[in-house]
Amino acid sequence: MRKGRGLKLYCAALYAFLYAPLAVMTVFSFNRAHRNVVWLGFSLKWYGVLFHDAEMMRAALTTLELAVSASAISGALGLLAAYALVRHKPFPGRGVYATLLDVPLMIPEVALGVGLLSFLVRMGYELNFGALACAHALICLPYAVGAVRARLQSSGGERLEEAAMDLGADEWTAFRKVTLPLAMPAVVSGALLAFTISFGDFVTSFFLSGIGVTTLPVKIYSMMKFGVTPEINALSVLLLAATFVLLGVNALFASNPGESSVRA
Amino acid sequence: MLDRALSWLLGGRRPTASHLLLAPSAVWLTIFLLLPSAGLLALSFAHNGPYGAVSWTLGLQNYRRAFNPEYVPVLLRTLVFSGGTTLICLLLGYPLAYYLSFRAGRRRGALIIALMVPFWTSALVAFYSWMIILGREGLLNAVLRRLGLVSAPLALLYTPFSLFLGLVYFYLPFTVLPLYGSLEKIPRQYVEAAYDLGAGRWSAFRQVTLPLSMPGIVAAVLLTFVPCLGDFLTAELLGGPRYYLVGNLISNQFLMAQDWPFGAALTCLLLAGLVGGLWLYRRWEAVA
Numbered sequence: 002m003r004k005g006r007g008l009k010l011y012c013a014a015l016y017a018f019l020y021a022p023l024a025v026m027t028v029f030s031f032n033r034a035h036r037n038v039v040w041l042g043f044s045l046k047w048y049g050v051l052f053h054d055a056e057m058m059r060a061a062l063t064t065l066e067l068a069v070s071a072s073a074i075s076g077a078l079g080l081l082a083a084y085a086l087v088r089h090k091p092f093p094g095r096g097v098y099a100t101l102l103d104v105p106l107m108i109p110e111v112a113l114g115v116g117l118l119s120f121l122v123r124m125g126y127e128l129n130f131g132a133l134a135c136a137h138a139l140i141c142l143p144y145a146v147g148a149v150r151a152r153l154q155s156s157g158g159e160r161l162e163e164a165a166m167d168l169g170a171d172e173w174t175a176f177r178k179v180t181l182p183l184a185m186p187a188v189v190s191g192a193l194l195a196f197t198i199s200f201g202d203f204v205t206s207f208f209l210s211g212i213g214v215t216t217l218p219v220k221i222y223s224m225m226k227f228g229v230t231p232e233i234n235a236l237s238v239l240l241l242a243a244t245f246v247l248l249g250v251n252a253l254f255a256s257n258p259g260e261s262s263v264r265a
Numbered sequence: 540m541l542d543r544a545l546s547w548l549l550g551g552r553r554p555t556a557s558h559l560l561l562a563p564s565a566v567w568l569t570i571f572l573l574l575p576s577a578g579l580l581a582l583s584f585a586h587n588g589p590y591g592a593v594s595w596t597l598g599l600q601n602y603r604r605a606f607n608p609e610y611v612p613v614l615l616r617t618l619v620f621s622g623g624t625t626l627i628c629l630l631l632g633y634p635l636a637y638y639l640s641f642r643a644g645r646r647r648g649a650l651i652i653a654l655m656v657p658f659w660t661s662a663l664v665a666f667y668s669w670m671i672i673l674g675r676e677g678l679l680n681a682v683l684r685r686l687g688l689v690s691a692p693l694a695l696l697y698t699p700f701s702l703f704l705g706l707v708y709f710y711l712p713f714t715v716l717p718l719y720g721s722l723e724k725i726p727r728q729y730v731e732a733a734y735d736l737g738a739g740r741w742s743a744f745r746q747v748t749l750p751l752s753m754p755g756i757v758a759a760v761l762l763t764f765v766p767c768l769g770d771f772l773t774a775e776l777l778g779g780p781r782y783y784l785v786g787n788l789i790s791n792q793f794l795m796a797q798d799w800p801f802g803a804a805l806t807c808l809l810l811a812g813l814v815g816g817l818w819l820y821r822r823w824e825a826v827a
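Sequence lines, in order, name chains A and B.
Using our numbering, you'd call the opening residue of the first sequence number 2 and step up by one each time.
Using our numbering, you'd call the opening residue of the second sequence number 540 and step up by one each time.
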């Protein structure tokens, strides 16, 4: 099976290529030296610098608030839309609407960014936190809809809902008591994906961050303009760690079939 | 009030529960996606006044200008880099997709998640790290010098090489996943039947597996090429001032040159290319 081993090695190399930059950055974030390529010993000082930087802390807070708002808005809109698309009788334009819901995912972010920028500015709307949160909710919407849709289609809850309605529940009660608990893991998973997308987003934030609204990725970008510093490494590693944690939690929700979540 | 507005939109039909449930997302899509897009389309026919003002005498001048000798190289460069990236990703990604669907066994799930992780992490962070690696004073040059392979540092960053590298790095998962999806669906018996009929590994692959994975290849080409056309961040960070793409040209018109109508026309051209690509794909899907 020498041939099989060659393919295996090739794939390992490809994964190494994908993870190399992340590994390099992590290693150098613990470097005592100012310059990146010289290793002067292990140190946590760049993380310390980061946490004593008031501007950085403010950007971190903005990024978190933004991600929470975007995932809450997109989660709510996505749940309603996914429910109507999956459970209600097909209505004219359903296919078109489902495609439209995916457009924020397919459209180049630069087109979305300049479109929103020119629209909001020409409408005389100030670029502030609210505008950015709305834009982030838009780019997160496909993830929220997708997660809940897949769950509703596969969970077989339709029969349970019908049973509930046969037993005298109206649609709202059936939704609250049956559909929502069934869909909950997917709602959480969609919201976590939305959180991850918003948290790491650069392009949309770059075009729409008005005065005083700076997210961490935008902050990294503006620091990069002044050259490569280990502080950016430390910040990037923290962003990376946050993403890994989010994806890990999401994997827990996604892999758990959640059958036990239906209660009488 | 909402009921009235809805029934007007629906041409007098009574709104159903579905419409009410879809209304919030529809409002969102209208305000933040459809209206800005319509605004860009309108803007693309307007004239640029002094100091970034917009005068609404409509014409096609912005589109004509996009095909000026000054900008044609940018459009061509975008096509060349997108095409090249798609080809490289396809060649690099096909063996990986093949491994994932036929050989990976129990590790498959973990490997697919591992493939997606770089996609979910902020691209900015990964590209920043590539800048550390590829820079004149960067890691790669330091290693090469230590090994005595080069005497002077190589110019790696802000070259076609670094741009290709960044694009391939970012878009590789976009190529591998559709390939994997279609390879996964090939019934194993077909390949075994080819072996039983005396085909070698290579001819079984060439005559059975490869043709059956064609839908995946077409989807992979589309899902790599189209997002590549609209790339902004990769070229901004790894292409440098010389190797920029149409996405960067658009961004410059809006943020630096203050020529919004021209930027809007470029965006509309980009979106037209995208829609054209998707339409061709639909046609191909319908025929195949």
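Positions of the beta carbon are idealized from the N, C-alpha and C atoms, including for glycine.
By the DSSP assignment, the alpha helix (DSSP H) with residue i in it spans what residues?
i               : result
V214 of chain A : From DSSP, V214 of chain A is part of no alpha helix (DSSP H); its letter is neither H nor E.
T625 of chain B : 611–637
V765 of chain B : 753–768
H137 of chain A : 130–155
D167 of chain A : 158–167
R822 of chain B : 799–826
V689 of chain B : Neither: V689 of chain B is in no alpha helix (DSSP H) and is coded neither H nor E.
T748 of chain B : Run containing T748 of chain B: none; DSSP gives neither H nor E here.
K46 of chain A  : 46–52
K724 of chain B : 699–724
T197 of chain A : 181–201
D103 of chain A : 95–107
F666 of chain B : 662–673
G648 of chain B : 647–659
Taking 9 Å as the threshold (C-beta atoms), are residue j and residue i in contact?
i               : j               : result
L67 of chain A  : F130 of chain A : yes
T205 of chain A : W659 of chain B : no
L776 of chain B : F666 of chain B : yes
V149 of chain A : G94 of chain A  : no
L695 of chain B : G674 of chain B : yes
P231 of chain A : F29 of chain A  : yes
G632 of chain B : A759 of chain B : yes
P800 of chain B : A585 of chain B : yes
L663 of chain B : F713 of chain B : no
R59 of chain A  : F43 of chain A  : no
L772 of chain B : S621 of chain B : no
S564 of chain B : A82 of chain A  : yes
L194 of chain A : C141 of chain A : yes
Determine the burial state of residue i: buried for a count of at least 16 other Cβ atoms within 10 Å of its Cβ, exposed for fewer.
i               : result
A649 of chain B : exposed
S583 of chain B : buried
D103 of chain A : exposed
A165 of chain A : buried
S155 of chain A : exposed
L248 of chain A : buried
Q792 of chain B : buried
L117 of chain A : buried
A733 of chain B : buried
Y11 of chain A  : exposed
M670 of chain B : buried
M2 of chain A   : Note that M2 of chain A scores 45 on pLDDT, short of 50, meaning its location in the model is unreliable; the coordinates nonetheless yield the value given after this. Exposed is the call here.
D171 of chain A : exposed
F833 of chain B : The question about residue 833 of chain B has no answer, for chain B in this structure spans 540 to 827.
E260 of chain A : Only weak support exists for where E260 of chain A lies, its pLDDT of 36 falling under 50; the value from the coordinates is given anyway. That one is exposed.
R6 of chain A   : exposed
A265 of chain A : Residue placement at A265 of chain A is flagged as unreliable, the pLDDT there being 30, under the threshold of 50; the coordinate-derived value follows with that caveat. Counting Cβ neighbours within 10 Å, A265 of chain A comes out exposed, since fewer than 16 surround it.
S223 of chain A : exposed
V682 of chain B : exposed
C807 of chain B : buried
P575 of chain B : buried
G125 of chain A : exposed
P258 of chain A : A caution first: P258 of chain A carries a pLDDT of 45, below 50, which makes its placement in the model unreliable, though a value can still be read off. Burial call: exposed.
E676 of chain B : exposed
List the whole-angstrom C-beta distance separating residue i from residue j, where the pair is believed to meet the contact cut-off of C-beta under 8 Å.
i               : j               : result
L638 of chain B : L8 of chain A   : According to the sequence shown, residue 638 of chain B is Tyr rather than Leu. With 8 Å as the limit, Y638 of chain B and L8 of chain A qualify as a contact, their Cβ atoms being about 5 Å apart.
L722 of chain B : G755 of chain B : 6 Å
E162 of chain A : T180 of chain A : 6 Å
V757 of chain B : W823 of chain B : 6 Å
L693 of chain B : T624 of chain B : Contact doesn't hold; Cβ gap of about 22 Å is too wide.
A804 of chain B : N601 of chain B : 3 Å
L209 of chain A : A132 of chain A : 6 Å
A145 of chain A : G79 of chain A  : 3 Å
V611 of chain B : Y783 of chain B : About 14 Å; that fails the 8 Å criterion.
Does the Cβ of residue i lie closer than 8 Å to at least one heavy atom of the ligand MN?
i               : result
A164 of chain A : The ligand MN is absent from the structure shown, which contains no ligand whatsoever.
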